[in-house]
Amino acid sequence: MTDRTVLITGATAGIGEAAARTFAAAGWRVIGTGRRADRLEALAADIGPQMHALAFDMRDGAAIDDALASLPPAFQAIDLLINNAGLALGTAPAHQADLAQWQQMIDTNISGLIAITHKLLPRLVERKGAIINLSSVAATYPYSGGNVYGGTKAFVQQFSLGLRSDLHGTGVRVTSIEPGMVETEFTLVRTGSQAASDALYGDARPMTAQDIAQTLLWVASQPPHLNINRLELMPVTQSFAGFQVARG
Ligand SMILES: NC(=O)c1ccc[n+]([C@@H]2O[C@H](COP(=O)([O-])OP(=O)(O)OC[C@H]3O[C@@H](n4cnc5c(N)ncnc54)[C@H](OP(=O)(O)O)[C@@H]3O)[C@@H](O)[C@H]2O)c1
């Protein structure tokens, strides 16, 4: 048991759920969040008293405040915030995209992330804690249909570097994790189609949620003098495509 506490947003599925299990197995106390309370309760039942479930919507600032105020004493001293909750919606080109989907990505991936970070920063500074933000390769490399999703992840990447600068001298560590394709519920959420998700991941040998969870634990386990600024990961089967030229 490490006597350290991690708050992981978006622990009801994918990377966040794998991270909750991985950190708990490594002896951390885990606070897991997400909208689907039933899934959080099931996860907490599985992990045991080392986990505390906090169900709220990242887009609701008052709900974030209420949830954090409700933490039992044993879970109040947070050492690590993993800003993982997030989503992509839609794959249409920008001129055919749905504005409500764009807004939901911004409200979750940016506004929700900065709200919970702002709320926890004083405690993290006090404890010389750490923040790990889930950005994406979409922050650095544009792809068609990635428009606002890529924009939100570029925000997360740059916000992480900005936090590093602002937190200079406090001992707080900040990391931007930038994965390529990971098989989770991400594509089901993005497309609304299990068939589309199966087709994308099918024989592509994507990274697994467990791969990223292990990476998160590795980042969190570095000695206190060492900061991983940015970490980009891809499955071997994924790489870069070239520029495109419209002719005629
Ligand atoms: N999968 C990939 O290829 C990939 C690659 C690069 C980066 N990422 C990033 O990794 C992070 C985790 O994604 P994932 O792949 O694990 O996807 P996932 O399986 O769909 O999990 C997403 C998590 O985010 C939570 N979430 C979404 N909207 C929320 C909201 N409004 N309020 C609270 N929680 C919310 C979901 O919980 P509820 O639905 O229960 O609220 C769920 O726990 C995301 O930030 C994603 O952008 C993923």
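Residues in the sequence shown are numbered consecutively from 29, following my numbering.
Note that the Cβ used here is the ideal one computed from N, Cα and C, for glycine as well.
Taking residue i as the reference, which of the options has the closest Cα?
{"i": "Ala-54", "options": "Met-79, Thr-180 and Ala-97", "result": "Met-79"}
{"i": "Gly-157", "options": "Ala-128, Ala-116, Arg-201 and Thr-145", "result": "Arg-201"}
{"i": "Trp-130", "options": "Ala-269, Gly-114, Pro-234 and Asp-74", "result": "Gly-114"}
{"i": "Thr-203", "options": "Glu-211, Ser-193, Pro-101 and Met-209", "result": "Ser-193"}
{"i": "Ile-138", "options": "Gly-89, Asp-226, Leu-96 and Arg-67", "result": "Gly-89"}
Cβ atoms of residue j and residue i: under 8 Å apart, would you say?
{"i": "Gly-118", "j": "Arg-218", "result": "yes"}
{"i": "Gly-60", "j": "Ile-43", "result": "no"}
{"i": "Glu-206", "j": "Leu-149", "result": "no"}
{"i": "Thr-212", "j": "Arg-233", "result": "no"}
{"i": "Leu-228", "j": "Gln-222", "result": "no"}
{"i": "Ala-125", "j": "Asn-175", "result": "yes"}
{"i": "Arg-87", "j": "Trp-56", "result": "no"}
{"i": "Val-152", "j": "Ile-106", "result": "Checking the sequence, you will find Leu at residue 152 rather than Val. Going by C-beta atoms, Leu-152 is nearer than 8 Å to Ile-106."}
{"i": "Arg-145", "j": "Ile-159", "result": "Note that residue 145 is Thr in the sequence shown here, rather than Arg. Result yes, Cβ atoms of Thr-145 and Ile-159 sit closer than 8 Å."}
{"i": "Ala-91", "j": "Phe-84", "result": "yes"}
Compute the beta-carbon to beta-carbon distance between residue i and residue j, rounded to the nearest angstrom, for a pair I have assumed lies under 8 Å.
{"i": "Ala-120", "j": "Gly-178", "result": "The pair is not a contact, with the Cβ atoms about 14 Å apart (cut-off 8 Å)."}
{"i": "Lys-12", "j": "Ser-164", "result": "There is no way to answer for residue 12, as the model of the chain reaches only from 29 to 276."}
{"i": "Val-58", "j": "Ala-70", "result": "With a Cβ gap of about 14 Å, Val-58 and Ala-70 do not count as contacting."}
{"i": "Val-210", "j": "Ile-240", "result": "6 Å"}
Would you list the residues sitting across from residue i in a DSSP beta bridge?
{"i": "Leu-82", "result": "Thr-61"}
{"i": "Ser-163", "result": "In DSSP, Ser-163 forms no bridge with anything."}
{"i": "Ala-48", "result": "DSSP lists no partner for Ala-48."}
{"i": "Ile-138", "result": "Ile-138 pairs with nothing; no bridge assigned."}
Cβ pair count under 8 Å reaching 3, the segment 242-253 against the segment 180-192: no
Check whether the segment 99-113 touches the segment 38-52, taking contact to mean three or more Cβ pairs, one atom from each stretch, closer than 8 Å. yes
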